[in-house]
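Visitor:
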Amino acid sequence: MPSVTAIAKCPGLIFVRPRFDVYREISTAIHAIFKRYTDLVEGVALDEAYLDVTENKQNITYASTIARHIKTAIFQETQLTATAGVSINKFLAKMASGQNKPNGLTVILPEQAIEFVEQLPIEKFHGIGEVTAAKMHSLGIHTGADLKTRSLLELTHHFGKAGHYYYKIARA
Numbered sequence: 334m335p336s337v338t339a340i341a342k343c344p345g346l347i348f349v350r351p352r353f354d355v356y357r358e359i360s361t362a363i364h365a366i367f368k369r370y371t372d373l374v375e376g377v378a379l380d381e382a383y384l385d386v387t388e389n390k391q392n393i394t395y396a397s398t399i400a401r402h403i404k405t406a407i408f409q410e411t412q413l414t415a416t417a418g419v420s421i422n423k424f425l426a427k428m429a430s431g432q433n434k435p436n437g438l439t440v441i442l443p444e445q446a447i448e449f450v451e452q453l454p455i456e457k458f459h460g461i462g463e464v465t466a467a468k469m470h471s472l473g474i475h476t477g478a479d480l481k482t483r484s485l486l487e488l489t490h491h492f493g494k495a496g497h498y499y500y501k502i503a504r505a
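Using our numbering, the final residue of the sequence shown is 505, and nothing's skipped along the way.
#1: With a threshold of 8 Å on Cβ separation, who are the neighbours of Gly473 within its own chain once the five nearest residues in sequence on each side are excluded?
#2: Please tell me whether Ile455 and Ile447 are closer than 8 Å, where the distance is taken between their beta carbons.
#3: When we look at the beta-carbon of Arg483 and count the other beta-carbons within 10 Å, is it buried (16 or more) or exposed?
#4: Expressed to the nearest angstrom, what Euclidean distance is found between the alpha-carbon atoms of His490 and Ile347?
#5: Can you tell me whether Lys404 is buried or exposed, with buried defined as 16 or more other CB within 10 angstroms of its CB?
#6: Name the DSSP beta bridge partners of Tyr499, please?
#7: Between which two residues does the alpha helix (DSSP H) harbouring Glu456 extend?
#8: Can you give me the Cβ contacts of Thr414 inside the same chain, cut-off strictly under 8 Å, excluding the 5 residues immediately before and after it?
#9: Can you tell me which of Asp380, Lys501, Tyr395, Gln412 puts its alpha carbon nearest to the alpha carbon of Ser430?
#10: Tell me where the beta strand (DSSP E) around Ile439 begins and ends.
#11: If I'm right that Gly418 touches Gln452 with Cβ under 8 Å, what's the distance once you round it to whole angstroms?
#12: Suppose the cutoff is 6 Å on Cβ atoms and the five residues either side in sequence are ignored; what does the same chain contact list for Ile502 look like?
#13: Would Lys427 and His459 be called neighbours here (beta carbons separated by less than 8 Å)?
#14: Flag this pair as yes or no: are the beta carbons of Leu384 and Tyr395 separated by less than 8 Å?
Right, dumping it as structure tokens:
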């Protein structure tokens with residue numbers, strides 16, 4: 334949240350100086366842990382990445398097992414907790430990671446994907462902000478199920494290039 338909002342909500346708030354050198358050092362250590370399992374790591378931020386572990390260096394069958402191993406290693410080596418989401422694509426993995434914070438692990442199995450997306454409120458979708466959610470609400474789109482009823486043509490008409498993304502994520 335913006336600093337102005339935070340201070341309004343908590344007048345006694347104390348701000349501490351960021352330590353970006355420490356953040357980068359820990360991020361490097363965490364990414365090294367990821368690399369023990371796969372070279373297919375897409376860094377998103379200092380504290381976030383997507384990993385494709387379909388074929389992994391440890392020959393572990395289940396992605397959820399790999400996620401547990403990674404969470405354990407992160408804690409043992411950095412004393413930090415980590416939240417993980419596991420699913421069939423990046424969108425669903427991101428949505429899964431937001432379900433059980435902090436220090437959670439959520440798995441959305443392939444057979445759960447469509448139902449998960451359909452029941453999800455539109456404002457919870459990764460990539461749909463406040464303004465877009467309001468526009469979707471004005472069009473009668475409140476859930477993933479509502480979004481799924483809209484055609485690619487209609488979504489691109491209202492949302493431009495992003496309409497393609499919305500069309501795809503509504504279908505898991």
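The C-beta atom is built at its ideal place from N, Cα and C for all residues, glycine as well. Quantities reported herein were computed from a predicted structural model and do not represent experimental measurements.
Guide: Well, looking at it:
#1: Asp479
#2: no
#3: buried
#4: 46 Å
#5: buried
#6: DSSP output for Tyr499 lists no bridge partner at all.
#7: Counting along the chain, Glu456 falls outside any alpha helix (DSSP H), and DSSP gives it neither H nor E.
#8: Lys404, Ile407, Phe408, Pro435, Asn436
#9: Asp380
#10: Here the sequence assigns Thr to residue 439, which means Ile is not the residue at that position. Its beta strand (DSSP E) spans residues 438-440.
#11: Not a contact, Cβ separation roughly 16 Å.
#12: Phe424
#13: yes
#14: no
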